[in-house]
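Have a look at the structure below, then the notes.
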Amino acid sequence: MKKIIGVIIVLLLSYWMVRPLFIAGYFPMHDDTQIARVVVMGRALRQGQFPVRWVSDLGYGYGYPIFNFYGPLPYYVGGALYALGLSGLTATKIMMGAGLVLAGVTMYVAMADILGVSAGVLAAAFYMYAPYHGVDAYVRGAVGEYWGLVFLPLIFWGFWRKKILTGALGIAGLIISHTILGYMGMLFVGIAVVVTNMQKKLILMAALGLGLSAFFWLPAIFEMKYTNVASVIGASADYRNHFVCLSQLWNSLWGFGGSAPGCLDGLTFKIGKEHIILGLIAGVGMWGVLRNKIGRMITAAGLGIFTLSVFLMLPISAWVWSVIPLFPYIQYPWRFLAFAVFGISVVVSCIPLLMKHTIIRWLAVLGCVILVIGIEAKRFVPQYIVTRPAIEHETDVDIRFRASKVSDEYLPEAVIRPKNINEIPRDTIATSDSYQIENLEIRDTYKKIAFHTGNDIRVKINLAYFPGWQYIVNVDDVVPDIQNGLPVIGVPAGDSVVQIFFRNTPVRLFGNALSLLSVGFWLYLYDKRRKIIG
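Numbering of the sequence shown is given in this note's numbering, commencing with residue 668 and proceeding in unit increments.
What follows is the structure in structure tokens.
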């Protein structure tokens, strides 16, 4: 009963994080594509596509495989709500709010089980109200990244309590929420495997988590070369330009701008003064005053995560970034703030252990919670609110042009980007005086078009080429010519039917099969957990 009350307390404390989402209208953010992604995910789900990889309306209407590469989990939630009939705006706000609140809930559940209810409430409050959480939500719009924060406590909990199934779900959820954060998280899991005596169980946990998420990360790695994703590590996102100055972790001005070389950035990278001070108090208390074995182990683990994260954000770690494979794809060293705030929140959770009496312990927790919310709640606000009808967020102008301009790296590099709304394609195959067409069926992953033409013709298909597309003219498979990233096929004189299918490639089939097998193995272990894993 106490633990349930703790969950209710955490839900109440989360109000100040999400209250801007209750305001009518929407707000700008760096990655201002969230509603568009929710809408296209919802449309794909309505059509029965699962797992969703390809969407037709983004990419200027040429379509692209965004959810083959970009963490889809939050958008499955938002897209499902849209598919059920909510507006794109409402579904997006619920998706965003859910990610913020669930991070507190999972942190509470994990730390309450390890250290007790009061520690769980304290850890959840400091985790939720870390300044970087506000930056991700209301400045950067990094929905996938802060959804990833939901799963860090599950990984830690799984590790600490030897809960292989919980830890595996945490690893899979982290990877499917945010590709880059998932890769970063595996670094910490790998270190835990090396430095602890739980190698076998941790390896099983990591392998199972990787298996559950294989449908996503395997194609993301092997099919990245067919997109322009490599452009994201160009000059503007070169990690060497985005290391953090040590002073910025203590104090840096709040802003809605971007990251820049040097110590003056347009957004804050502060960890939270109260987080650092109370973390120090907890650490000194556990190691200098009390002889609490569990408290010492927890503070050591939290400080280890925190210290490594801080090191990887500073310029002195540049040599590490240059030698670890794929590290440049992280782009911004300050992304390790996600792990730093998790680590320091774990340390702060030990504060209640310093008090012997229950009333004093809860009074201390209350004081700390009031302190962190009183200082940090003001960060959880957007720059300003824009009010317009919800349906305007779902138009071709908004999705096919405005949102597509924000993020078009999943298109093949050769595709010519439209410069204005009039240049975006309106149809899969453009109309022409030389032939007549009828769209018999148009879905994201299947097109069926009837042709009538007096001569043999070649037609351009306004559908970005990507492995897996199959083109059939009447009954014959056709290999297209690729011109500027778009397929061109031949159609014979007379009446013809062109069918275009989006098929799974071998790596997608293998990833899907591996995930299904892992789900089966997870369920098997769940059923046999008492006999197999204790």
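For each residue, glycine too, the CB sits at the ideal point set by N, CA and C.
Everything numeric in this text was worked out from a predicted model, so none of it was measured.
Neighbourhood of residue i by C-beta distance below 8 Å, restricted to the same chain and skipping five residues each side
i: P1000; result: Y906, H909, F910, V911, L979, M980, L981, S984 and W988
i: A779; result: K670, G673, A786, G787 and V788
i: I1199; result: Per-residue confidence for I1199 stands at a pLDDT of 48, beneath the threshold of 50, marking its modelled position as unreliable; the derived number appears in the next sentence. Excluding positions up to five away in sequence, the list reads L1192.
i: V730; result: The sequence shown places Gly at residue 730, rather than the Val named in the question. Hits under 8 Å: W721, V722, S723, D724, D1111, L1130 and A1131.
i: M865; result: F826, K829 and A859
Three-state secondary structure assigned by DSSP to residue i
i: G783; result: coil
i: S1182; result: helix
i: S914; result: helix
i: V1164; result: strand
i: V1053; result: strand
i: F973; result: helix
i: I1083; result: coil
i: D1144; result: strand
i: S1012; result: helix
i: I1200; result: Low confidence applies here, because I1200 scores a pLDDT of 46, under 50, leaving its location unreliable; read the following figure in that light. Reduced to three states, the DSSP call for I1200 is coil.
i: F1047; result: coil
i: F1188; result: helix
i: F736; result: coil
i: F936; result: coil
Endpoints, beta strand (DSSP E) assigned at residue i
i: P1154; result: L1153 to V1158
i: K1127; result: I1124 to K1127
i: L1107; result: Q1103 to R1110
i: I1149; result: D1148 to Q1150
Residue i - containing alpha helix (DSSP H), residue span
i: H1119; result: Segment Y1113 to T1120 is the beta strand (DSSP E) holding H1119; no alpha helix (DSSP H) there.
i: V951; result: K940 to V951
i: E1043; result: T1025 to E1043
i: W1207; result: Since the first residue shown for the chain is 668 and the last is 1201, residue 1207 is missing from the structure and cannot be characterised.
i: L871; result: Q866 to L879
i: W986; result: A985 to V990
i: A1131; result: Element bounds for A1131: n/a, residue is neither H nor E.
i: T924; result: A small correction: the amino acid at residue 924 is Gly; Thr does not occupy that position in the sequence shown. Neither: G924 is in no alpha helix (DSSP H) and is coded neither H nor E.
i: A1097; result: No alpha helix (DSSP H) contains A1097, which DSSP labels as neither H nor E.
i: H800; result: P798 to G801
i: Y743; result: L740 to A750
i: K1212; result: No statement about residue 1212 is possible, as the shown extent of the chain runs from 668 to 1201 and does not include it.
Cβ shell of residue i (< 6 Å), same chain only, five flanking positions each side left out
i: I1167; result: K1114 and Y1138
i: G939; result: A797 and P798
i: F923; result: V806 and Q1050
i: S880; result: A839, I842 and I843
i: H697; result: R807 and G808
i: G955; result: none
i: A1057; result: S754 and L756
i: R713; result: A750
i: L1020; result: N959 and G962
i: H845; result: G738, G811, E812 and G815
i: I1011; result: H942, G946 and F973
i: R1125; result: V1155 and G1157
i: I965; result: C1017
Sequence-distant residues of the same chain with beta carbon closer than 7 Å to residue i, five excluded per side
i: A703; result: L725, D1065, I1066 and A1070
i: C1035; result: L789, L945 and I1018
i: Q716; result: D1111 and T1112
i: A1007; result: I938, F973, S976 and V977
i: L802; result: Residue identity check: residue 802 is Val in the sequence provided, not Leu. If we look at V802 and ignore the five residues flanking it on each side, its Cβ neighbours are L934 and T935.
i: R720; result: P732, F734 and N735
i: Y794; result: A770, G771, M774, V1008, F1009 and S1012
Complete beta strand (DSSP E) runs within the segment 685–730 (minimum length 3 residues, chain order): Qualifying beta strand (DSSP E) stretches: none in this window.
Whole alpha helix (DSSP H) elements within the segment 804–862, 4-residue minimum: For the segment 804–862, whole alpha helix (DSSP H) runs of length 4 or above, ordered along the chain, are 810–815, 819–827, 831–844 and 846–862.
Contact between the segment 750–757 and the segment 1101–1108 (3+ Cβ pairs under 8 Å): At 8 Å Cβ cutoff, the stretches do not touch.
Cβ contact check for the segment 1080–1089 and the segment 685–693: 3 or more pairs under 8 Å: Short answer: they don't touch.
The segment 758–774 in contact with the segment 738–748 per 3-pair CB rule at 8 Å: As far as the Cβ criterion goes, the segment 758–774 touches the segment 738–748, which means the pair count is three or higher.
Three or more C-beta pairs below 8 Å linking the segment 864–883 and the segment 1171–1190: Segments in contact, yes.
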